[in-house]
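Trainee: Protein sequences, first through last, are from chains G and F.
If you read the first sequence in our numbering, its first letter stands for residue 22, the second for the next number, and so on.
If you read the second sequence in our numbering, its first letter stands for residue 7, the second for the next number, and so on.
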Amino acid sequence: MTKLEAIIQPSRFESVKDALREIGVEGMTVSEVRGHGRQKGHTEVYRGREYTVDLLPKIKLEMVLPDHLVTSAVETILKSAKTGKIGDGKIFLSRVEEAIRIRNDERGESAL
Amino acid sequence: MRRPRAAAVLVSLGISLLACSLAFGQSSVREKIAALDQRVAAAQSSADNSWMLVSAALVLLMTGPGLALFYGGLVRRKNVLATMMQSFTLMAVITVLWALFGYSLCFGEGSRFLGGLGHAFLRGVGAAPDADYAATIPQLTFMVYQLMFAIITPALITGAFAERLKFSAAVLFMTLWFVIVYAPLAHMVWGKGGLLNASLGGAFPTLDFAGGTVVHISSGVSALVCALYLGKRLGYPKVPMPPHSVVLSFIGACLLWVGWFGFNAGSALASGSLATSAFVATHFGAAAAVVGWLLAEWLRNGKPSALGAISGAVAGLVAITPAAGFVGPMSALAIGFTAGVGCYLMVTRVKSRFGYDDSLDAFGVHGAGGTIGALLTGVFALRAINPIFKDAQGNARAVGLLDGNAGQLLNQLVAVLIAWGLAIVGTLVILKVVDAVVGLRVPEEHEIEGLDVTQHGEEAYNLES
Chain G
22 MTKLEAIIQP SRFESVKDAL REIGVEGMTV SEVRGHGRQK GHTEVYRGRE
72 YTVDLLPKIK LEMVLPDHLV TSAVETILKS AKTGKIGDGK IFLSRVEEAI
122 RIRNDERGES AL
Chain F
7 MRRPRAAAVL VSLGISLLAC SLAFGQSSVR EKIAALDQRV AAAQSSADNS
57 WMLVSAALVL LMTGPGLALF YGGLVRRKNV LATMMQSFTL MAVITVLWAL
107 FGYSLCFGEG SRFLGGLGHA FLRGVGAAPD ADYAATIPQL TFMVYQLMFA
157 IITPALITGA FAERLKFSAA VLFMTLWFVI VYAPLAHMVW GKGGLLNASL
207 GGAFPTLDFA GGTVVHISSG VSALVCALYL GKRLGYPKVP MPPHSVVLSF
257 IGACLLWVGW FGFNAGSALA SGSLATSAFV ATHFGAAAAV VGWLLAEWLR
307 NGKPSALGAI SGAVAGLVAI TPAAGFVGPM SALAIGFTAG VGCYLMVTRV
357 KSRFGYDDSL DAFGVHGAGG TIGALLTGVF ALRAINPIFK DAQGNARAVG
407 LLDGNAGQLL NQLVAVLIAW GLAIVGTLVI LKVVDAVVGL RVPEEHEIEG
457 LDVTQHGEEA YNLES
């Protein structure tokens, strides 16, 4: 099992979600986050006072996938989240030791 | 014998009956006219009174929720309630002071500088009008209308010490400020026999229709003194302190704009054409100031902002306040536009050059806008709009500079200087006293945690609930 975390542009979220559902990803957890990588922030001006906003709004997707889905999920996200500009985000993959369904104590990939 | 006698009796009876009925008819006509007069007066009084009661309510609306939202949105989320509380508390505290002695100090007969205590506890303030101020409305209406001005004026100052003043210090400051700065200035400009009164025997007749000097210069200049005396907020200007909700400020500013119709058009103290004239000038002044501020901002920053638009509106409303009942619509546009650009430069250039922390720009908007408005009133006031000055024969004399009375500009300047002087000295003395009695600023760790929790024990936004 692999955990996939993707940080993407908010504007791409709907198409990424739809594309993932099409290849059979069953569930995900989504949060609205703020952060920055190499992308610079923007400035806001309130009555002449300038503030640099370097933490920008992003969407973070988290999902734990059975191993056979990982490659296609990564490809799907690469395809659907890309705008080609700085700030498109990142994908992180990590091994997951165990998954447990709380309702019936099911374990392993069948718990996903 | 009998017949002629009877005839004579009949004739004399007839004559006396006729005379009687004639006399009766005359007196009944006179009575009818008197009754009609009374009814006309009553109808006018009812019309004026209804507008004045609505105006009083509109002016209260400016403080809460108008100003409370406007200022509340501009502070950081940890200080929203504390900021709103300062405005709201004034609605209560000033009302009590007003009833006990405040009205009397402002509008009672007294010296050139302060009213006496003749109307203390509202003695003699009832349904009968005080013809010197407003001949067609109950003095009680006049009293409660003026009260709303006394409430919003100190509330404006709270913008300068936002996010760092103790609540106890705020209450004590406001109480003293109302007595030491507001009451004398209101009496001088609007009270019978006041030094600056335009129509009731002032030495320097000053045009201040709805409170350019009394309300906006006094509060704005006092705000500057407060900001300088208190010092900057922790971290200012390095730490970003953007408004936590421009949306709240936006709603507040829109309510201020509407409430201002009561403030300015209500200052006609009647529901006639002068009220209409002031209403129109008010609206035009605000609109032109929005255009002015936005243009200046657009040219300098490249973007016209929502906060800029609403700040411009308030600046225009401030500047048109002293002029509202004296100028025509085109002059109102000119005054508003000047104030929009002028106040924009005050809050952006001047403030950053001198580095004081007038947290919510009470001085930049009200002090600067009020001064611009007070002086321009002396330029644009026309007798055709408001024949306030009369010669010995009762003919209207020229009012402002463009009307042919250049000397008025000097009177306006005297009033501006007196308002500035009283605000500076009075506020400094009050700050010293409050500092000695309860202390002014909250401890550093409270300022970091926020005044909502440390001063009031609550939070504006409870995300868990």
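C-beta atoms are modelled at their ideal positions from N, C-alpha and C, and glycine is treated no differently.
I'd like to know whether the C-beta atoms of Phe290/F and Gly342/F end up nearer to each other than 8 Å.
Mentor: Taking 8 Å as the cut-off, the Cβ atoms of Phe290/F and Gly342/F count as close.
Trainee: Along chain G, in chain order, which residues have C-beta atoms closer than 7 Å to that of Thr354/F?
Mentor: Arg68 and Gly69
Trainee: Under the rule that 16 or more other beta-carbon atoms within 10 Å means buried, what is Arg33/G, buried or exposed?
Mentor: buried
Trainee: Among the residues of its own chain, which have a CB less than 8 Å from the CB of Ile223/F, if the five just before and after it don't count?
Mentor: His372, Gly373, Gly376, Thr377, Ala380, Val422, Ala425, Trp426 and Ala429
Trainee: Which two residues bound the contiguous beta strand (DSSP E) that contains Met149/F?
Mentor: Counting along the chain, no beta strand (DSSP E) covers Met149/F; the unbroken alpha helix (DSSP H) around it starts and ends at Gln145 to Ile163.
Trainee: The alpha helix (DSSP H) that contains Pro190/F, what's its start and end?
Mentor: Residues Ala189 to Trp196.
Trainee: Pull up the distance between the alpha-carbon of Ala189/F and that of Phe173/F, whole angstroms please.
Mentor: 23 Å
Trainee: Taking only beta-carbon atoms, is Glu65/G less than 8 Å away from chain F?
Mentor: Taking 8 Å as the threshold, the shortest C-beta distance from Glu65/G to chain F falls below it.
Trainee: Taking all protein chains shown into account, do 16 or more other C-beta atoms lie within 10 angstroms of the C-beta of Met7/F, making it buried, or fewer, making it exposed?
Mentor: Confidence is the limiting factor: at Met7/F the pLDDT is only 45, short of 50, which leaves the residue's position unreliable and the question unanswerable from this model.
Trainee: Can you list the residues of chain G that Leu305/F reaches, using a CB-CB cut of under 7 Å?
Mentor: Counting only Cβ-Cβ distances below 7 Å, Leu305/F has no contacts in chain G at all, with the closest Cβ about 13 Å away.
Trainee: Is there a Cβ from chain G that is less than 8 Å from the Cβ of Leu178/F?
Mentor: no
Trainee: Report the rounded CA-to-CA distance for Leu67/F versus Gly265/F, giving the unit in angstroms.
Mentor: 6 Å
Trainee: I want to know whether the segment 251-270 of chain F touches the segment 199-212 of chain F - three or more CB-CB distances under 8 Å.
Mentor: no
Trainee: What three-state label does DSSP hand Leu120/F in the structure shown?
Mentor: coil
Trainee: Look up Lys106/G in the DSSP assignment and say whether it is helix, strand or coil.
Mentor: coil
Trainee: Chain G beta carbons: is any one of them nearer than 8 Å to that of Ser358/F?
Mentor: yes
Trainee: Taking Leu262/F as the query, report the chain G residues whose CB atoms sit under 8 Å from its CB, ordered along the chain.
Mentor: Here the premise fails: no neighbours, minimum Cβ distance about 16 Å.
Trainee: Asp367/F touches chain G at which residues, Cβ-Cβ below 8 Å?
Mentor: Arg68
Trainee: Should Glu119/G be labelled buried (16 or more other beta-carbon atoms within 10 Å of its own) or exposed?
Mentor: It counts as exposed.
Trainee: Distance cutoff 8 Å, beta carbons only. Does Pro328/F sit that close to anything in chain G?
Mentor: no
Trainee: Can you tell me the Cα-Cα spacing of Phe395/F and Arg389/F, whole angstroms?
Mentor: 8 Å
Trainee: Who are the near neighbours of Leu254/F in its chain, counting only those whose CB is closer than 7 Å to its CB and skipping five residues on each side?
Mentor: When the five nearest sequence neighbours on each side are left out, the beta carbons in the same chain lying within less than 7 Å of the beta carbon of Leu254/F are those of Leu75, Gly78 and Gly79, in order along the chain.
Trainee: So, at 6 Å on beta carbons, what are the nonlocal neighbours of Ala168/F in its own chain, with the 5 sequence-adjacent residues on each side left out?
Mentor: Val81, Thr89, Ser365 and Leu366
Trainee: Specify whether the segment 175-191 of chain F and the segment 107-124 of chain F touch according to this definition: at least 3 beta carbon pairs, one from each stretch, less than 8 Å apart.
Mentor: yes
Trainee: Strictly below 7 Å CB to CB, what residues from chain G border Leu313/F?
Mentor: Within 7 Å Cβ-Cβ: Tyr67 and Arg68.
Trainee: Once DSSP output is grouped into helix, strand and coil, what is the label at Ser52/G?
Mentor: strand
Trainee: Taking Leu82/G and Val117/G to be in contact with their CB atoms under 8 Å, please state how far apart those CB atoms are, rounded to whole angstroms.
Mentor: In fact, because the Cβ distance is near 15 Å, the residues do not count as touching under 8 Å.
Trainee: Does DSSP put Met7/F in a helix, a strand or coil?
Mentor: Here Met7/F scores only 45 on pLDDT, less than 50, and its place in the model should not be relied on; the value that follows carries that caveat. Three-state DSSP puts Met7/F in coil, outside helix and strand.
Trainee: Is the beta carbon of Asp54/F sitting closer than 8 Å to the one on Ser277/F?
Mentor: Yes. Within cutoff.
Trainee: Which residue marks the beginning of the beta strand (DSSP E) containing Val431/F, and which one marks its end?
Mentor: Counting along the chain, Val431/F falls outside any beta strand (DSSP E), though it belongs to the alpha helix (DSSP H) covering Gly413 to Val443.
Trainee: When the Cα of Arg70/G is compared with those of Leu469/F, Ser358/F and Val439/F, which residue comes out closest?
Mentor: Measuring from the Cα of Arg70/G, the nearest candidate turns out to be Ser358/F.
Trainee: Is the segment 41-55 of chain G in contact with the segment 87-104 of chain G, if contact means three or more CB pairs nearer than 8 Å?
Mentor: yes
Trainee: Starting from Met84/G, follow the beta strand (DSSP E) in both directions and report where the run begins and ends.
Mentor: Its beta strand (DSSP E) spans residues Leu77 to Leu86.
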